[in-house]
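In our numbering, the protein residues as written are 1 to 694.
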């Protein structure tokens, strides 16, 4: 560059010295901001690199599906199990003794979107995943890395696609519930190495034929309300028709549909069933021949008149009979409301509910107009109060909080109805409805779900799912004769575990609402149609007259209640401890409604026997044939004795109890044993005239 050019450039820079300096400062500021941003991202990456695998997986899940931020406040930190085993500070998470995630329980959180692939799959020690009653969409993620997974519950979402094959081939997965989604494709074959004992894929769009499942371990199955077709395999005919209902192209036993009519729809129907007006049109030759016959057989005028007069007389007589019948029925209905008639007493009535207590049909018109059945789950089939009044019903039993009925609606639906009695006098309608709303939020496989309720001044009704396979009281104490099938040790251990899990959920997830059970006893431990262990009467003690409630739960009542008059979590733990002793000893607790004065003070009796070092004498005689389980029985006995410690502060919390029971036998107690299956199917479960005795 020449001197002239250099001088010119120098003058230009001198003239614009101010703007050049400002630009330099801006560039430096921009560089600084980029450096800070990069350092922030680097720090975040370094922080995330320190996260445990469980934290990475759960945070990926939160980012993917928690659009409304329900989990943001509690899912903080680099390790959900930093505080060791038990309930985590992260909502819905429980950790095992190795400080790894053991349970994921994320029901009813309005989660939306697709589950990311690298989220739940990173939880390689998780045993139970429950993400039900949300709005999740997309396919089921690959969970084959979750090698410890025993239970997967994804029901009541909007999941689509086919059921992954790895779920059917897992050698660990015991329970799988994918019901009420939008899944399609075939039912996977769970024969061979699959460990599944419980499979529910109802209310989807699954298609094709049902695989043979001849070597499967399934004890509970529900494939109803899909698009399945073909003949039901012979290996599945021991299940009830309800398991296969809602598949119009399925046929064969136990369904009433004959496969010949379903598989060969083009076959000509039997002409005996063809109505005259719908008969096929004849061909020209046939028509001519038929016309000739009609001419030959033409009736005379007298014959026609005789036929007309005869038909008229028959019609008049039928009309008179109909009017007489209708008038008598109408007169009877005036004196007795329809849908609730029956003999007095606790006998089964024609239309249902016993007249021994106030009839539902006696509700005042003003109450009926402003009251109706209030349902909680919009996805379930609904019905009106009138449907319930018309239902065929039988009384199942009178329990601590009211009388229970089995009601069969005209649609075929079966529900359990509890008519409450002895409520607190100060319980207002708003208090009652608020409490029902809280109970309606309880969603857990081990709690009997409350479907709906009805409130009127003189009548309070609760509608539950009907548990068709009996209760623990009947299994332990019913039909002790020679034909009895005893409840085996593995089944008792499984029952103890599942009741503990249900109570732990109740205590943990609703801790701020101070939700207690308050009436734990063997007749309130029910078995569903799919052999789930379910706790009934949850939370009803809060509505009851305290004096009456205390008297009815005497055999299971914590000693401190005598002076505090309060139900607490630790009181529930004590009642559960008595239940464990009942499972171990086969004896009835004293002063219960069911024992009718024949029971014993179980904690006191066991203390006395153990103190004399006669531990073997404690156990139920029916358990003597299970010699391999003696050490496990002693361990469960120690857990029970810790639960019934007189000092409530020394009793464990229910999550701790769950952990202790699960450590007795990690996987086996999750499986429904063959003996338990046969016990609930063949033994007499109606020790008190009903499998739903309350």
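Even for Gly, the Cβ is constructed at its ideal location relative to N, Cα and C. Computed from a prediction, not measured in an experiment: that's the story for all the values here.
- DSSP places residue 95 inside the beta strand (DSSP E), whose first and last residues are 93 to 95.
- The count of Cβ pairs closer than 8 Å, one atom from the stretch 647 to 665 and one from the stretch 86 to 96, reaches three, so the stretches are in contact.
- Among the bridge pairs identified by DSSP, residue 525 is matched with 535.
- When the Cα atoms are used, residue 606 and residue 638 turn out to be separated by approximately 11 Å.
- Looking at the DSSP output, residue 232 sits in no beta bridge, so it has no partner there.
- The beta carbon of residue 463 is closer than 6 Å to those of 415, 417, 451 and 452 in its chain, skipping five residues each way along the sequence.
- For the set 159, 97, 190 and 632, the Cα lying nearest the Cα of residue 138 is the one of 159.
- At a Cβ-Cβ threshold of 8 Å, residue 93 and residue 82 do not count as neighbours.
- Counting along the chain, no beta strand (DSSP E) covers residue 431; the unbroken alpha helix (DSSP H) around it starts and ends at 429 to 440.
- Shown here for residue 574: same chain residues with a beta carbon closer than 7 Å to its own, the five before and five after excluded, namely 558, 643, 644 and 651 in chain order.
- When the beta-carbon positions are compared, residue 120 and residue 136 stay at least 8 Å from each other.
- For residue 508, the closest of 647, 468 and 568 by C-alpha to C-alpha distance is 568.
- Pairing residue 124 with residue 150, the inter-Cα distance amounts to about 12 Å.
- According to the DSSP secondary-structure assignment, residue 395 is paired through a beta bridge with 405.
- DSSP places residue 499 in the uninterrupted alpha helix (DSSP H) bounded by 489 to 509.
- By the Cβ rule, the stretch 623 to 637 does not count as touching the stretch 56 to 73, because fewer than three pairs are nearer than 8 Å.
- Annotated as distal: residue 447 and residue 520, with beta-carbon spacing of 8 Å or more.
- Boundaries of the alpha helix (DSSP H) around residue 119: 117 to 120.
- Separation of residue 540 and residue 185 (C-alpha to C-alpha, rounded to the nearest whole angstrom) is 43 Å.
- In the DSSP assignment, residue 99 forms no beta bridge with any residue.
- Shown here, residue 81 sits in coil according to DSSP, grouped into three states, outside any helix or strand.
- Assigned with DSSP and collapsed to three states, residue 467 falls in coil, not helix or strand.
- Collapsing the DSSP output to three states places residue 208 in a strand.
- Taking a contact as a CB-CB distance under 8 Å, the pair residue 209 and residue 229 counts as one, their CB atoms being some 6 Å apart.
- Under the criterion of beta carbons closer than 8 Å, residue 546 and residue 565 qualify as touching, at roughly 6 Å.
- Relative to residue 53, the option among 118, 74 and 111 whose CA is nearest is 118.
- Under the criterion of beta carbons closer than 8 Å, residue 584 and residue 633 qualify as touching, at roughly 6 Å.
- Sequence-distant partners of residue 648 (beyond 5 residues in either direction) whose C-beta falls short of 6 Å from its own C-beta, in its chain, are 560 and 570.
- For residue 492 and residue 457, the gap between their C-alpha atoms comes out near 42 Å.
- Residues 149, 150, 151, 152, 167, 194, 195 and 196 of the same chain have their beta carbon placed closer than 8 Å to that of residue 173, with the five preceding and five following residues left out of the count.
- The distance from the Cβ of residue 377 to that of residue 409 is about 17 Å, inconsistent with a contact at the 8 Å cut-off.
- Going by DSSP, residue 135 is part of the beta strand (DSSP E) stretching over 135 to 137.
- Fewer than three Cβ pairs drawn from the stretch 487 to 503 and the stretch 415 to 434 lie within less than 8 Å of each other, which leaves the two stretches out of contact.
- Buried is the label assigned to residue 444, since at least 16 other Cβ atoms lie within 10 Å of its Cβ.
- When only Cα atoms are considered, residue 372 and residue 61 end up about 40 Å apart.
- Taking 8 Å as the cut-off, the beta carbon of residue 609 is found no closer than this to the beta carbon of residue 600.
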